[in-house]
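Engineer:
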Amino acid sequence: MKRNIKTLFKFFLLSAVTVVFTVLLFKVFKTRQYTQNNAFVGNRINGLEPIAPRDEFELVDNEKIDWHDYEKINADALRRGPGEQGKPAYLSSSENQDYDKLYKVNGFNAALSDKIALDRAVPDIRNSGCKTKKYLKQLPSVSVIVPFHNEHWTTLLRTAISVINRSPPHLLREVILVDDFSSKEFSKKPLDDYLRANLTKVRVIHLPERSGLIRARLAGAREAKADVLIFLDSHTEANVNWLPPLLEPIAQDYKTCVCPFIDVIQYETFEYRAQDEGARGAFDWEFFYKRLPLLLEDLKHPTEPFKSPVMAGGLFAISKKFFWELEGYDEGLDIWGGEQYELSFKIWQCGGQMVDAPCSRVGHIYRKFAPFPNPGKGDFVGRNYRRVAEVWMDEYADYLYMRRPHYRNINPGDLTKQKALRERLHCKPFKWFIENVAFDLVLKYPPVEPGDFGVGEIRNLAAPELCVDSGFKERDQPIGLQECVSDTKKRGEQNFTLTWHKDIRVKGKPLCFDVSDPNDKADVVLYPCHGMKGNQYWKYDVPFSLLSFVGKAVVPSRGNPRCLDCDPGQKRLFVTTCDEKSKTQKWRFENVNLTMIADWENIGVQ
46 MKRNIKTLFK FFLLSAVTVV FTVLLFKVFK TRQYTQNNAF VGNRINGLEP IAPRDEFELV
106 DNEKIDWHDY EKINADALRR GPGEQGKPAY LSSSENQDYD KLYKVNGFNA ALSDKIALDR
166 AVPDIRNSGC KTKKYLKQLP SVSVIVPFHN EHWTTLLRTA ISVINRSPPH LLREVILVDD
226 FSSKEFSKKP LDDYLRANLT KVRVIHLPER SGLIRARLAG AREAKADVLI FLDSHTEANV
286 NWLPPLLEPI AQDYKTCVCP FIDVIQYETF EYRAQDEGAR GAFDWEFFYK RLPLLLEDLK
346 HPTEPFKSPV MAGGLFAISK KFFWELEGYD EGLDIWGGEQ YELSFKIWQC GGQMVDAPCS
406 RVGHIYRKFA PFPNPGKGDF VGRNYRRVAE VWMDEYADYL YMRRPHYRNI NPGDLTKQKA
466 LRERLHCKPF KWFIENVAFD LVLKYPPVEP GDFGVGEIRN LAAPELCVDS GFKERDQPIG
526 LQECVSDTKK RGEQNFTLTW HKDIRVKGKP LCFDVSDPND KADVVLYPCH GMKGNQYWKY
586 DVPFSLLSFV GKAVVPSRGN PRCLDCDPGQ KRLFVTTCDE KSKTQKWRFE NVNLTMIADW
646 ENIGVQ
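For the sequence shown, the numbering used here begins at 46 and goes up steadily by one.
1) Between the C-alpha atoms of M641 and E502, what's the straight-line distance to the nearest angstrom?
2) Take D207 as the anchor and find which of E646, G131, N151 and A261 has the nearest alpha-carbon.
3) Report yes if the CB atom of F361 is closer than 8 Å to the CB atom of V407, and no otherwise.
4) Roughly how many whole angstroms lie between the Cα atoms of N481 and I110?
5) For P474, tell me which candidate among L486, E440, P492 and R504 has the shortest Cα-Cα distance.
6) If the criterion is Cβ atoms closer than 8 Å, does the pair L202 and L163 meet it?
7) In terms of residues, what are the limits of the beta strand (DSSP E) holding R504?
8) Going along the chain, which residues of its own chain have a beta-carbon closer than 7 Å to the beta-carbon of F153, five neighbours each way excluded?
9) Is Y452 helix, strand or coil by DSSP?
10) Please classify Q398: does DSSP put it in a helix, a strand, or coil?
11) Excluding the 5 residues flanking P290 on each side, which residues of the same chain have their C-beta closer than 6 Å to its C-beta?
12) With a 10 Å radius around its C-beta and 16 neighbouring C-beta atoms as the bar for buried, classify Q630 as buried or exposed.
13) Just mark G496 as buried or exposed, buried being the case when its beta carbon has 16 or more other beta carbons within 10 Å.
14) For S364, which of helix, strand or coil comes out of DSSP?
15) Can you tell me the Cα-Cα spacing of V637 and T461, whole angstroms?
16) With burial defined as no fewer than 16 other Cβ atoms inside 10 Å of the residue's Cβ, what is the status of L340: buried or exposed?
17) Going by Cα to Cα distance, which pick from Q297, Q320, P347 and S138 is closest to I307?
18) For the alpha helix (DSSP H) that V487 lies in, which residues bound it at each end?
19) Would you kindly report the start and end of the unbroken alpha helix (DSSP H) that includes D224?
20) Buried or exposed, going by whether 16 or more other CB atoms sit within 10 Å of the CB of M447?
21) Flag this pair as yes or no: are the beta carbons of F634 and L543 separated by less than 8 Å?
22) Please list, in chain order, all residues of the same chain as P347 whose beta carbon is under 7 Å from its beta carbon, the five residues on each side excluded.
23) What do you get for H451, buried or exposed, if any count of 16 or more other CB atoms within 10 angstroms of its CB means buried?
24) Mind pulling the beta strand (DSSP E) runs of 3 or more residues that sit fully within the region 255-295?
25) Who are the near neighbours of G126 in its chain, counting only those whose CB is closer than 7 Å to its CB and skipping five residues on each side?
26) Would C557 count as contacting chain D if we go by Cβ distances under 8 Å?
27) Going along the chain, which unbroken runs of the beta strand (DSSP E) with 3 or more residues stay wholly within the region 496-568?
28) Which term fits A442, buried or exposed, when burial requires 16 or more other beta carbons within 10 angstroms of its beta carbon?
29) Among K547, R607, E528 and H546, which one has its Cα closest to the Cα of Q539?
30) Looking at C-alpha atoms only, which residue of K578, F498, P613 and P492 is the closest neighbour of A643?
31) Is it buried or exposed for F653, if we count other Cβ within 10 angstroms and need 16 for buried?
32) Suppose you measure from the CA of L147 to the CA of L292; what does that come to, to the nearest Å?
33) For K246 versus V285, is the C-beta spacing smaller than 8 Å?
34) Does the region 183-195 come into contact with the region 327-337, if we say contact requires no fewer than three beta-carbon pairs (one atom in each stretch) closer than 8 Å?
35) Excluding sequence positions up to five away, which residues of its chain have a Cβ less than 7 Å from the Cβ of W112?
36) Would P418 and S279 be called neighbours here (beta carbons separated by less than 8 Å)?
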């Protein structure tokens with residue numbers, strides 16, 4: 046009897062242990078998943094250590110946490126002073142003495158930068174959903190690489206300090222500044238000494254000769270110790286909680302490259318503002334960087350990463366493992382130009398993917414002009430483009446050469462290594478990229494384009510001696526009128542194209558008539574052409590000789606369209622309410638394609 050009771054007790058005890066073990070095992074498998082060698086995994090210390098890559102199947106913890114540093118966020122909210130909270134700042138009359146000297150060598154208001162705190166607060170302009178979004182508790186470690194050549198002292202330091210202040214310390218392994226043979230004295234020992242005393246996570250690599258942006262990035266990547274490489278430009282500012290949104294997609298798949306949203310730091314006032322709320326990177330067939338609208342599915346999920354065909358260029362995150370599997374950048378690319386296309390094509394065609402992360406935002410100063418002299422290496426950009434086209438674009442390279450015939454005569458150098466890489470990685474053809482990744486690019490930027498609606502001078506009929514003149518102006522600058530140039534060979538800045546994109550372009554340049562000011566009598570400025578209508582959407586009304594602006598910058602209570610008008614005495618251009626009887630609103634476009642204009646509504650439909 047006693048033996049039976051003992052046996053029964055053992056049976057119940059074993060059953061209870063089995064039930065408890067099964068429950069625990071179920072909970073473990075519910076919160077974990079198997080993944081292949083494309084995951085970053087490893088041991089945790091205090092629950093928050095960065096994780097390292099492994100080459101075998103392992104369990105990955107799917108737990109997500111709130112990564113916001115609320116103490117830092119609350120402290121930033123209290124900051125006051127020039128440029129704080131990203132508000133525009135200005136120099137006083139007594140502070141203006143260094144303005145011109147510093148502007149000429151930087152292309153932005155460096156004197157003002159010196160008046161703004163290195164650790165200033167910037168506005169959190171993320172989508173509201175980003176502020177409650179959680180990310181994986183286990184994320185890989187990061188090396189941030191910042192190449193620079195003669196970057197201004199305070200903008201360079203502000204870049205590094207913003208990264209340190211707004212990154213979880215245990216994820217940020219290091220910031221590597223790559224000095225591309227700068228000549229400014231503070232870029233040498235003074236910079237080393239400052240970093241040693243104040244920013245111990247930041248170090249400088251001093252290149253022994255001018256190597257260019259591409260090779261400077263490669264030099265930094267070779268020195269990096271962390272699992273993920275993040276490349277930034279040297280005049281940027283990281284925003285709130287910028288790092289986890291960049292890292293999570295890579296932790297989930299190491300063959301994912303992630304780009305932040307790039308905000309604008311205005312070059313004159315250092316105001317921090319949004320560029321827009323996202324678009325997909327693309328290009329036209331001259332290799333000008335362009336953007337495609339978000340897909341409907343992307344718009345439904347404004348805080349989720351979305352796939353993008355091409356990166357903008359200098360700001361992105363990629364696993365060190367995948368970067369070197371792709372052999373980094375093509376080392377045959379010289380100085381700068383084409384590197385974003387080469388890496389983007391390579392990522393997609395060789396088994397990876399690229400996404401933009403809306404919840405990661407980084408501000409960037411877009412210079413008014415490039416202050417660097419020509420490196421004296423001929424058409425190095427054209428040579429770079431030829432290398433990219435010959436290796437990655439297959440038969441589609443012909444469309445680039447149709448627009449730039451002289452590229453065919455440029456020697457691209459030895460392509461053996463790049464073509465061998467493509468073969469070894471079994472990379473897909475460019476046709477696959479166009480049909481599956483950039484599938485709507487050919488609708489917006491057809492390889493064989495329709496003709497133009499109008500070409501030539503734009504002459505005012507009220508003052509027939511005056512023509513619209515772009516005056517060698519750069520972006521964001523208003524244009525006006527000048528006396529018409531009769532010699533067509535010397536016309537230059539009075540030669541325009543009303544393209545099938547329905548924008549007006551300075552012939553031979555990627556600059557368009559743009560109106561972003563909603564007020565009456567708003568200036569017409571030049572801005573890089575984007576082909577997305579918006580503030581660059583124009584129409585020519587042949588019967589009334591009106592050039593009407595039908596873009597987004599709507600006049601309150603008036604609406605669009607507005608019409609191009611002028612003050613002949615001041616030689617000023619502006620847009621105002623259309624008036625068919627106004628003589629100053631009447632313009633003669635020199636050469637007009639009446640057949641195309643008659644079919645206006647059916648051309649360029651997306």
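Think of the CB as a built atom: it goes at the ideal place given N, C-alpha and C, for glycine as much as any other residue.
Structural biologist: In terms of the structure at hand:
1) As a first step, residue 641 is located in the sequence shown; it is residue number 596 there, counting from the start. As a first step, residue 502 is located in the sequence shown; it is residue number 457 there, counting from the start. Roughly 19 Å separates the two Cα atoms.
2) Working through the sequence shown from its first residue, we reach residue 207 at position 162. Reading the sequence as shown, one finds Ser at residue 207 and not Asp. It is G131 whose Cα lies nearest to the Cα of S207.
3) Here residue 361 corresponds to residue number 316 of the sequence shown, with the count starting at 1. Here residue 407 corresponds to residue number 362 of the sequence shown, with the count starting at 1. Not closer than 8 Å, so no.
4) Residue mapping note: residue 481 aligns to position 436 of the sequence shown, counting from 1. Residue mapping note: residue 110 aligns to position 65 of the sequence shown, counting from 1. So the alpha carbons of these two residues sit roughly 34 Å apart.
5) Taking the first residue of the sequence shown as position 1, residue 474 is located at position 429. It is E440 whose Cα lies nearest to the Cα of P474.
6) Start at 1 with the first residue of the sequence shown, and residue 202 comes out as number 157. Start at 1 with the first residue of the sequence shown, and residue 163 comes out as number 118. Yes, the Cβ-Cβ distance between L202 and L163 is below 8 Å.
7) As a first step, residue 504 must be located in the sequence shown, where it is residue number 459. Element bounds for R504: G499 to N505.
8) Looking up residue 153 in the sequence shown gives position 108. The answer, listed in chain order, is Y312, I410, R412 and K413.
9) Position 407 of the sequence shown, counting from 1, holds the residue named residue 452. Note: Y452 maps to helix in three-state DSSP.
10) Within the sequence shown, numbered from 1, the residue matching residue 398 stands at position 353. Residue state, collapsed to three classes: strand.
11) Indexing the sequence shown from 1 puts residue 290 at position 245. So the qualifying residues of the chain are A402, C404 and S405.
12) Sequence index remark: in the sequence shown, residue 630 carries index 585 (1-based). That one is buried.
13) Taking the sequence shown and counting its residues from 1, the one referred to as residue 496 is at position 451. Flag for G496 reads exposed.
14) Within the sequence shown, numbered from 1, the residue matching residue 364 stands at position 319. It is a strand residue.
15) The count along the sequence shown starts at 1 and reaches residue 637 at position 592. The count along the sequence shown starts at 1 and reaches residue 461 at position 416. Each residue's alpha carbon lies about 48 Å from the other.
16) Residue 340 sits at position 295 when you count from the first residue of the sequence shown. Looking at its Cβ environment, which holds fewer than 16 other Cβ atoms inside 10 Å, L340 is exposed.
17) Start at 1 with the first residue of the sequence shown, and residue 307 comes out as number 262. When only C-alpha atoms are compared, the closest one is Q320.
18) Locating residue 487 in the sequence shown gives position 442, where the first residue counts as 1. Where V487 is concerned, the enclosing alpha helix (DSSP H) stretches over L486 to K489.
19) Taking the first residue of the sequence shown as 1, we reach residue 224 at position 179. First-last for D224: L217 to D224, but that is the beta strand (DSSP E), not the alpha helix (DSSP H).
20) Within the sequence shown, the letter at position 402 stands for residue 447. The residue in question, M447, is exposed, as its Cβ has fewer than 16 Cβ neighbours within 10 Å.
21) For the purposes of this step, residue 634 is identified with residue 589 of the sequence shown, where counting begins at 1. For the purposes of this step, residue 543 is identified with residue 498 of the sequence shown, where counting begins at 1. For F634 and L543, yes; Cβs fall inside 8 Å.
22) Along the sequence shown, one-based indexing puts residue 347 at 302. Excluding residues within five positions, the ones whose Cβ falls inside 7 Å are N172, G174 and P403.
23) Your numbering for residue 451 matches position 406 in the sequence shown. Exposed: under 16 other Cβ atoms inside 10 Å.
24) 273-276 and 281-283
25) By one-based count along the sequence shown, residue 126 stands at place 81. Contacts found: A162.
26) Absent from the structure: chain D. Only one protein chain is present.
27) Annotation: the region 496-568 contains the following complete segments of the beta strand (DSSP E) (minimum length 3 residues), in chain order: 499-505, 511-514, 525-528, 541-543, 549-551 and 556-559.
28) On the sequence shown, position 397 is the one that residue 442 refers to. Result: buried.
29) The residue labelled residue 539 in the question sits at position 494 within the sequence shown. Cα-wise, what sits closest to Q539 is E528.
30) Locating residue 643 in the sequence shown gives position 598, where the first residue counts as 1. Residue F498 is the option with its Cα nearest to A643.
31) Outside the displayed span of the chain (46 to 651) sits residue 653, for which this structure offers no information.
32) Taking the first residue of the sequence shown as 1, we reach residue 147 at position 102. Taking the first residue of the sequence shown as 1, we reach residue 292 at position 247. Approximately 37 Å, taken between the alpha carbons.
33) Position 201 of the sequence shown, counted from the first residue, corresponds to residue 246. Position 240 of the sequence shown, counted from the first residue, corresponds to residue 285. Not in contact: K246 and V285 (Cβ atoms no closer than 8 Å).
34) no
35) On the sequence shown, position 67 is the one that residue 112 refers to. So the qualifying residues of the chain are Y180, P213, N286 and P289.
36) Residue numbering aside, residue 418 sits at position 373 when the sequence shown is read from its first letter. Residue numbering aside, residue 279 sits at position 234 when the sequence shown is read from its first letter. With respect to the 8 Å criterion, P418 and S279 are not classified as neighbours on the basis of their beta carbons.
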